[in-house]
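**Q** Submitted below is the structure of interest, expressed as structure tokens.
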Amino acid sequence: MTETHPYKLDQLDLTILRLLQTHGRLSNLELATKVGLSPSPCSRRVKALEEAGYIADYATRLSADKFNLHLTAYIHVRMEKHTPAILNQFETNVLAYEEVQECALITGSEADYQLKVLVQDMAHFRTFLLDKLTTNVHIAGVHSSFVLKKVKDHTAIPLSHITIEP
């Protein structure tokens with residue numbers, strides 16, 4: 003879609019997006035049936051949503067437990083300085099760590115970054131922390147919290163705030 007003619011979402015698009023977020027393996031035929039379209043128009047809508055950037059990517063979620071990844075930690079990292087070079091180096095390092103599932107530059111706390119880390123157990127966490135993360139000399143401090151129970155764990159973004167004009 004072009005800048006001068008942006009894609010305008012309608013209720014059918016929102017239904018398609020909700021279904022794809024929670025049931026990503028739906029075939030085009032199954033999706034079309036669920037939204038009340040024939041396969042060709044449904045496929046065209048999905049393609050338009052992809053091209054307009056509403057659909058960012060497709061992925062498969064694996065079961066962490068099946069791969070013996072039982073420990074999730076949130077690590078708050080405080081940097082000694084906030085120069086672009088230091089922050090960029092930290093972010094580059096973090097991108098290379100397979101254990102890090104999320105990394106966000108944050109405000110509102112003493113930490114500069116929050117990392118979500120997934121590892122097998124405490125021994126592997128210690129190895130990650132001491133042999134990888136804290137080898138960065140610009141880290142002034144870390145604080146770790148561990149997940150005892152996941153109350154809610156999904157990837158769907160909220161869409162209830164979207165209003166469709168007639």
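Residues are numbered in the numbering used here as their position in the sequence shown, beginning at 1, plus a constant of 2.
Ideal placement from N, C-alpha and C gives every residue a C-beta, glycine not left out.
It should be emphasised that the depicted structure is a prediction, and the values quoted were computed from it without experimental measurement.
1. Use the C-beta contact count for M81: other C-beta atoms within 10 angstroms, 16 or more gives buried, fewer gives exposed.
2. If you measure between the beta carbons of L73 and V121, is that distance less than 7 Å?
3. Could I get the ranges of all uninterrupted beta strand (DSSP E) runs contained in the stretch 78-152, with 3 residues as the minimum, in chain order?
4. Return the CA-CA distance between L97 and T136, expressed in angstroms with no decimal places.
5. First and last residue of the alpha helix (DSSP H) that includes R20?
6. By DSSP, does L33 sit in helix, in strand, or in coil?
7. Got a sec? Which residues, its chain only, sit under 8 Å from V37 by beta carbon, not counting five neighbours each side?
8. Do three or more CB pairs link the stretch 51-67 to the stretch 86-96 at distances below 8 Å?
9. Count the other CB atoms within 10 Å of the CB of D114; is the residue buried (16 or more) or exposed (fewer)?
10. Quick check on DSSP: helix, strand or coil for A50?
11. In its own chain, which residues sit with a C-beta less than 8 Å from the C-beta of R47, not counting the 5 before and 5 after it?
**A** Taking the definition as stated:
1. Residue numbering aside, residue 81 sits at position 79 when the sequence shown is read from its first letter. Sixteen is the threshold: when 16 or more other Cβ atoms of the shown chains lie within 10 Å of the Cβ of M81, as they do, the residue is buried.
2. Locating residue 73 in the sequence shown gives position 71, where the first residue counts as 1. Locating residue 121 in the sequence shown gives position 119, where the first residue counts as 1. Between L73 and V121, the C-beta spacing is below 7 Å.
3. Counting only runs of 3 or more residues that sit fully inside the stretch 78-152, the beta strand (DSSP E) segments are 102-107, 115-121, 141-148, in chain order.
4. If you number the sequence shown from 1, residue 97 lands on position 95. If you number the sequence shown from 1, residue 136 lands on position 134. Cα to Cα, L97 sits roughly 15 Å from T136.
5. In the sequence shown, counting from the first residue as 1, residue 20 sits at position 18. Counted as a single uninterrupted DSSP element, the alpha helix (DSSP H) harbouring R20 occupies residues 13-24.
6. Counted from its first residue, the sequence shown places residue 33 at position 31. Three-state result, L33: helix.
7. In the sequence shown, the residue the question calls residue 37 occupies position 35. In chain order, L14, T17, I18, L21, C44 place their CB closer than 8 Å to the CB of V37, counting only its own chain and leaving out the 5 sequence neighbours on each side.
8. Judged by Cβ distances under 8 Å, the stretch 51-67 makes no contact with the stretch 86-96, as fewer than three pairs qualify.
9. For the purposes of this step, residue 114 is taken as the residue at position 112 of the sequence shown. Note on D114: 16 or more other CB atoms within 10 angstroms of its CB, so buried under the neighbour-count rule.
10. Against the sequence shown, residue 50 aligns to sequence position 48. DSSP places A50 in helix when its eight states are reduced to three.
11. Walking along the sequence shown from the start, residue 47 turns up at place 45. Cβ neighbours of R47 within its own chain (closer than 8 Å, five residues either side excluded): L14, D15, I18, L39.
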